[in-house]
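Undergrad: Line by line, the protein sequences are chains A and B.
Residue 1 is where the first sequence starts when you use the numbering used here, and the numbers rise one by one after that.
Residue 112 is where the second sequence starts when you use the numbering used here, and the numbers rise one by one after that.
Even for Gly, the Cβ is constructed at its ideal location relative to N, Cα and C.
None of these values were measured; they are calculated from a predicted model.
Handing you this structure, nothing more for now.
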Amino acid sequence: KAGVTQTPRYLIKTRGQQVTLSCSPISGHRSVSWYQQTPGQGLQFLFEYFSETQRNKGNFPGRFSGRQFSNSRSEMNVSTLELGDSALYLCASSPETGTAFFGQGTRLTVV
Amino acid sequence: GESVGLHLPTLSVQEGDNSIINCAYSNSASDYFIWYKQESGKGPQFIIDIRSNMDKRQGQRVTVLLNKTVKHLSLQIAATQPGDSAVYFCAEDHSGYSTLTFGKGTMLLVSP
Chain A
1 KAGVTQTPRY LIKTRGQQVT LSCSPISGHR SVSWYQQTPG QGLQFLFEYF SETQRNKGNF
61 PGRFSGRQFS NSRSEMNVST LELGDSALYL CASSPETGTA FFGQGTRLTV V
Chain B
112 GESVGLHLPT LSVQEGDNSI INCAYSNSAS DYFIWYKQES GKGPQFIIDI RSNMDKRQGQ
172 RVTVLLNKTV KHLSLQIAAT QPGDSAVYFC AEDHSGYSTL TFGKGTMLLV SP
């Protein structure tokens, strides 16, 4: 079974731009969650989707948004990028509940 | 807010030793706990999990212990190998919606 696939692996963006990251979950997994990882704050939960509905949201500004499609694939968007948004963005998939399996992440650098 | 934290930021052991990584959690409503291993440049990799109705769970060379009385979780790695060198995170889920709260991580360094 293929694992969680995130694209792209690396991104460099300029302050003020927006970015869209993509995640394809493990086949059969309907829950997709997103996390931000930075050296200072560690791994922080962004949001979780199940069957195209956001079930839970972390404490991040409205510039961070996401969505899930009918095939369970998910995207997250960050608008008006700030230097502090530079991070590794991780996507995880799981069955309705249970163990979350992570992708390799997208490394975003904002300059 | 409530969070999961680790006691030791770095643990250095010799190859063949047993390693113990500790984690304290503060949310008494947490009912599911997971240990992840993260190598440089990679995403977290699932190691082992445990539910709150259990005290101990064993996998291949790994054991997780849960002490709900003192809200403490530990990961034991037997016969530690250089390939075990990584950052280890504990995570807890109390939402039931695959929403994890992570600890800050412990770096495990294994010397040959």
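Nearest to Arg-73 (chain A) by CA position, among A:Trp-34, A:Gly-98, A:Thr-99, is which residue?
TA: For the purposes of this step, residue 73 (chain A) is taken as the residue at position 73 of the first sequence. Among A:Trp-34, A:Gly-98, A:Thr-99, the Cα nearest to that of Arg-73 (chain A) belongs to A:Trp-34.
Undergrad: Just reading off the beta strand (DSSP E) that Ala-202 (chain B) is part of, what are its end residues?
TA: If you number the second sequence from 1, residue 202 (chain B) lands on position 91. Residues 197 to 204.
Undergrad: Consult DSSP for Gly-42 (chain A) and reduce its assignment to one of helix, strand or coil.
TA: Residue numbering aside, residue 42 (chain A) sits at position 42 when the first sequence is read from its first letter. Strand at Gly-42 (chain A).
Undergrad: Looking at Pro-25 (chain A): is its Cβ nearer than 8 Å to the Cβ of Thr-106 (chain A)?
TA: Taking the first sequence and counting its residues from 1, one reaches residue 25 (chain A) at position 25. Taking the first sequence and counting its residues from 1, one reaches residue 106 (chain A) at position 106. No, the pair does not count as a contact, with Cβ atoms beyond the cut-off.
Undergrad: Measuring straight from C-alpha to C-alpha, what distance separates Met-218 (chain B) and Ser-206 (chain B)?
TA: On the second sequence, residue 218 (chain B) is found 107 positions in, with the first residue counted as 1. On the second sequence, residue 206 (chain B) is found 95 positions in, with the first residue counted as 1. Their backbone Cα atoms lie some 27 Å apart in a straight line.
Undergrad: Are any of the Cβ atoms in chain A nearer than 8 Å to that of His-118 (chain B)?
TA: Translated into positions along the second sequence, residue 118 (chain B) becomes position 7. Since pLDDT at His-118 (chain B) reaches only 45, below the 50 mark, its modelled position is unreliable, and the value read off the structure follows with that caveat. False, the Cβ-Cβ gap to chain A never drops below 8 Å.
Undergrad: Alpha carbons only, please: which of B:Asn-178, B:Gly-170, B:Glu-203, B:Leu-211 is nearest the one belonging to Ile-188 (chain B)?
TA: The residue given as residue 188 (chain B) occupies position 77 in the second sequence. When each option's Cα is compared against that of Ile-188 (chain B), the closest is B:Gly-170.
Undergrad: Using a beta-carbon distance below 8 Å, is Asp-128 (chain B) in contact with chain A?
TA: Your numbering for residue 128 (chain B) matches position 17 in the second sequence. Answer no: the Cβ-Cβ gap between Asp-128 (chain B) and chain A never drops below 8 Å.
Undergrad: Quick one: which residues of the stretch 123 to 150 of chain B get their C-beta closer than 7 Å to a C-beta of chain A? List them in chain order.
TA: Of all residues in the stretch 123 to 150 of chain B, Ile-145 have a Cβ within less than 7 Å of some Cβ in chain A.
Undergrad: From this set, B:Thr-121, B:Glu-126, B:Thr-174, which residue's C-alpha is nearest Ala-190 (chain B)'s C-alpha?
TA: Here the question's residue 190 (chain B) lines up with position 79 in the second sequence. Nearest option by C-alpha distance: B:Glu-126.
Undergrad: State the Cα-Cα distance for the pair Tyr-199 (chain B) and Phe-144 (chain B), rounded to the nearest angstrom.
TA: Within the second sequence, the letter at position 88 stands for residue 199 (chain B). Within the second sequence, the letter at position 33 stands for residue 144 (chain B). Distance between the alpha carbons of Tyr-199 (chain B) and Phe-144 (chain B) is about 13 Å.
Undergrad: Determine, using beta carbons only, whether Lys-224 (chain B) comes closer than 8 Å to chain A.
TA: For residue 224 (chain B) there is no data in the structure shown, the boundaries of chain B being 112 and 223.
Undergrad: Distance cutoff 8 Å, beta carbons only. Does Gly-42 (chain A) sit that close to anything in chain B?
TA: Residue numbering aside, residue 42 (chain A) sits at position 42 when the first sequence is read from its first letter. It does; some Cβ of chain B falls within 8 Å.
Undergrad: Under a three-way DSSP split, which group does Gly-66 (chain A) fall into?
TA: In the first sequence, counting from the first residue as 1, residue 66 (chain A) sits at position 66. In this structure, Gly-66 (chain A) counts as strand in the three-state DSSP scheme.
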